[in-house]
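Beneath this line is the structure, given in structure tokens, with notes to follow.
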RNA sequence: GGCUCCGUAGCUCAACCGGAUAGAGCACCGGCCUUCUAAGCCGGGGGUUGCAGGUUCGAGUCCUGCCGGAGUCACCA
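In this note's numbering, the protein residues as written are 11 to 594.
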């Protein structure tokens, strides 16, 4: 399905032939042979460095080897020419019928076009968002949510068996602070004056409904009781309510994790203790004193003995604490157990999506994963950089402390989920992203969402036009599939097919690199090629899609547009975006 | 100071696990609307890929050292 993969097979068969004829040695390493589109389309459809890679081990001059390979490649029907260029590249031009066949394949496969098997059904766990259950999600979470969700779709399309997971940090001091904040709201409902909410608690109004739920559930039960009595029950209610809130925020964005795992449940079930006992039995835990960090902040440093994990043995910079001063587990201790738990659930391939502020935590967790799975698991961590929210070029100020920050919900209500999703993927994940509220809804070339949707809608507008102007022409799906593709001979038409033919390769490359943003960029390219072709019809009537006295040519061109629409739609589908049928 | 990420056209960014003459958009200049949505398209100028070395047939991409920016730095999550 991936044409570059197919050409690669051809090339390797040619290498085998050369080896069989003793022209080159047997068993040369083929791993470094690249088969890819040349940067400059004038160089051909497919280029390979095979001759350059093999030249040295074959003890031949690259160009001589290229010559031999090229001649053999030209024996294949679909190969028009195989030219030698530069230091020994082989540039392959494919014949028109090959591209016409591609178009037919796309129409046959519909939105399954682009599916790949490189994942080989391997289980992958993608953990993303994983925000503290202490309040509504904000705009920064939106990026991680979209990134993780689309990465999951992408890997699914590439043949992996993907599980989307959300880790609930419901065991630390933060949720105790949440409980205390909710308790204040509870007292507020009971008629007490709560005054200024103290530093360190959550002042947001979103906890008022939780206060009411508590009041309804417990009446005056905790009115005069001590914290040790009310903390746990209030905390449970508050966490439940926050998770409901978070789940509905995510759902608004079209994000629905497959499973939610609770940190507290891991602690309560003894998983954390079991995990650390295991490390301890292997001599990887000790009581020790860390050196102070070099450079800054020397003043507040006090050397203290702590329970430490030998992270250095597994690649981290220093050993890491497992217990806090009060004797409870650190977040890290829970995280070790959590990643081990994922491994025990069958995920030897794990991906975590984190915010930029957690970058310093990567080595630590990776070292733990190595230790705890005996190097049997791979953990990739993808970092999403900050999102800067702007309005007409001016930054919108946000402060989480005051409870005054732009929520994900408010953002989605303002511009819509599809736009949020697309814009979040208009930058590489590790680059900062500007999100300008005023420009993302603009209907112009510089708004990529609009531009891609417009291309999709334009495809429909062609069908409508045909129905009106050429009512006798059958452009049902089955008729389009049977149309005469050989009538498509214009360069720009074939170029469009070539671009579409690159979709499977793009999926695979994006999946390997774990870079879903490439899909958004590709869709932009596709849209651009189509808009260009469309406008060419203005100047050259022969290039129009609809030509009334040439029904067969028109049908073939509609088939081309139909295929394009399918590819755009399946790309948008991958991004979790609904393609628009018409622009309004 | 340690670690991580980033540094590409005036601006915002691409560049497919090392490939050929580094590409788009915006802005600027010049064209294209009785005709499928001009909400668009075409053309032009614009670069020592932060600097200096190294690895090799070949480096924006890999390695080392600097410069500049962001994040982070026992015990929080």
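For every residue, glycine included, the Cβ atom is placed at its ideal position computed from N, Cα and C.
Worksheet item: Looking only at its own chain, which residues have a Cβ that is under 6 Å from the Cβ of residue 196, when we skip the five neighbours before and after it?
Response: 221, 224 and 225
Worksheet entry | Closest residue to residue 114 among 511, 421 and 254 (Cα-Cα distance) | 511
Practice prompt. Could you check if residue 364 is buried or exposed, using at least 16 other CB atoms within 10 Å of its CB as the buried criterion?
Written response: buried
Worksheet item: Within 10 angstroms of its Cβ, does residue 299 collect 16 or more other Cβ (buried), or is it exposed?
Response: exposed
Discussion item. Quick check: what's the CA-CA separation for residue 294 versus residue 24?
Written reply: 53 Å
Worksheet item: Taking Cβ to Cβ, would you say residue 151 is nearer than 8 Å to residue 418?
Response: yes
Worksheet item: Looking at the structure shown, is residue 497 part of a helix, part of a strand, or coil, going by DSSP?
Response: helix
Worksheet item: To the nearest angstrom, how far is it from the Cα of residue 467 to the Cα of residue 267?
Response: 31 Å
Discussion item. Check whether the stretch 475–484 and the stretch 84–96 are in contact - that is, three or more C-beta pairs closer than 8 Å.
Written reply: no
Discussion item. Let me check understanding here. Comparing Cα to Cα, which of 486, 272 and 261 lies closest to residue 426?
Written reply: 261
Fill in: Option nearest residue 505 by Cα separation, candidates 54, 432, 16 and 19
54
Worksheet entry | Closest residue to residue 470 among 576, 542 and 74 (Cα-Cα distance) | 576
Worksheet item: Does the Cβ of residue 335 have 16 or more other Cβ atoms within 10 Å, making it buried, or fewer, making it exposed?
Response: exposed
Item to complete: Determine the direct distance from the alpha carbon of residue 29 to that of residue 36, and round the result to whole angstroms.
Response: 5 Å
Worksheet entry | Minimum length 4: unbroken alpha helix (DSSP H) runs contained in the stretch 46–82 | 60–68
Worksheet item: Are residue 116 and residue 573 close, meaning C-beta to C-beta below 8 Å?
Response: yes
Worksheet item: So what's residue 135 in DSSP terms, helix, strand or just coil?
Response: strand
Discussion item. For residue 172, list the residues DSSP reports as bridge partners.
Written reply: 134
Item to complete: Can you tell me which of 538, 283, 400 and 103 puts its alpha carbon nearest to the alpha carbon of residue 48?
Response: 103
Worksheet item: Is the number of C-beta pairs between the stretch 442–452 and the stretch 279–291 that are closer than 8 Å three or more?
Response: no
Worksheet item: At which residues does the beta strand (DSSP E) containing residue 360 begin and terminate?
Response: 359–365
Worksheet item: At a cut of 8 Å, does the stretch 541–550 reach the stretch 524–533 through at least three beta carbon pairs?
Response: no
Worksheet item: Does DSSP classify residue 240 as helix, strand or coil?
Response: helix
Worksheet entry | Sub-8 Å separation of residue 127 and residue 169 beta-carbons | yes
Worksheet item: Distance, Cα to Cα, residue 342 vs residue 373?
Response: 12 Å
Worksheet item: Taking the DSSP output, what are the residues bridged to residue 388?
Response: 359
Worksheet item: Candidates 420, 41, 517 and 212: which alpha carbon is nearest residue 167's?
Response: 517
Item to complete: Would you give the residue range spanned by the beta strand (DSSP E) that residue 91 belongs to?
Response: 89–95
Item to complete: Whole angstroms is fine: what's the gap from residue 413's alpha carbon to residue 522's?
Response: In this prediction, residue 413 has a pLDDT of 46, which is less than 50 and means its spatial position is unreliable; what the coordinates show is noted afterwards. Spanning the two alpha carbons is a distance of roughly 39 Å.
Item to complete: Mind checking who residue 545 pairs with in its DSSP beta bridge?
Response: According to DSSP, which records beta bridges pairwise, residue 545 is partnered with nothing at all.
Discussion item. Helix, strand or coil for residue 524? Go by DSSP, reduced to three states.
Written reply: coil
Item to complete: Evaluate the contact criterion for the stretch 238–256 versus the stretch 127–146: three or more CB pairs, one atom per stretch, below 8 Å.
Response: yes
Fill in: Residues bridged to residue 316 [DSSP beta-bridge criterion]
298
Worksheet item: Which one of 312, 311, 13 and 265 has the shortest CA to CA distance from residue 125?
Response: 13
Discussion item. Tell me which residues share the same chain as residue 411 and place their Cβ nearer than 6 Å to its Cβ, disregarding the 5 neighbours each side in the sequence.
Written reply: Residue placement at residue 411 cannot be trusted, given a pLDDT of 45 that sits under 50; the coordinates are not used to answer.
Practice prompt. May I ask you to list the residues that DSSP assigns as paired with residue 6?
Written response: Here the chain covers residues 11 to 594 and nothing more, so residue 6 does not appear.
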